[in-house]
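Residue numbers (this note's numbering): 4 to 105. The C-beta atom is built at its ideal place from N, Cα and C for all residues, glycine as well.
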C-alpha cells in the first residue's frame, strides 16, 4: 500500500445556495460563507485544487489502488485547514466522539 494516497481532513469555506426569486436590496439579510469539512484520500494536490476521493478501489483485488469514486474538488484558496490523518489521529477522534456521546 505504499502508493495509497494520504488520508486527510480539509476545512474550507464555500458559497451559499443562491436565493431564488427577486429580492429587494433593502430587505436582504447579511450573507456569509459556509464552513465545511471533508475527509478523504488526497488524489490531487496542487496550487489550484485539492481533490478528495472518499472511495478507493483495486481492480486486481489486492492493495494496489487504481480507481477512485466520489471525487470532490476543493479550490486551494478556499481551504482554511488541511490535516493529514494517521491511524492515531483517527483513533483519538473516535475516542473523543465516544466520550461526547456518553
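DSSP three-state label for residue i, please.
i	result
residue 80	helix
residue 66	coil
Taking residue i as the reference, give the member of the options with the closest Cα.
i	options	result
residue 61	71, 54, 39	71
residue 34	17, 46, 63, 24	17
residue 8	47, 22, 28	47
residue 21	6, 45, 37	37
residue 88	45, 29, 30, 19	45
Which residues in the same chain have their Cβ closer than 8 Å to the Cβ of residue i, if we skip the five residues on either side of it in sequence?
i	result
residue 32	none
So, at 6 Å on beta carbons, what are the nonlocal neighbours of residue i in its own chain, with the 5 sequence-adjacent residues on each side left out?
i	result
residue 58	72, 73
residue 86	12
residue 55	41, 43, 75
residue 4	At residue 4, the pLDDT of 40 sits below 50, so the modelled position is not reliable; the number obtained from the coordinates is stated separately. Hits under 6 Å: 66.
residue 39	15, 17
Along the beta strand (DSSP E) that carries residue i, what are the first and last residues, could you check?
i	result
residue 41	37-48
residue 27	From DSSP, residue 27 is part of no beta strand (DSSP E); its letter is neither H nor E.
residue 52	52-56
residue 10	10-17
Would residue i pass as a contact of residue j if the rule is Cβ separation under 7 Å?
i	j	result
residue 76	residue 52	yes
residue 81	residue 15	yes
Does any heavy atom of the ligand NAP sit closer than 6 Å to the C-beta of residue i?
i	result
residue 38	Although the ligand NAP was asked about, the structure shown includes no ligands whatsoever.
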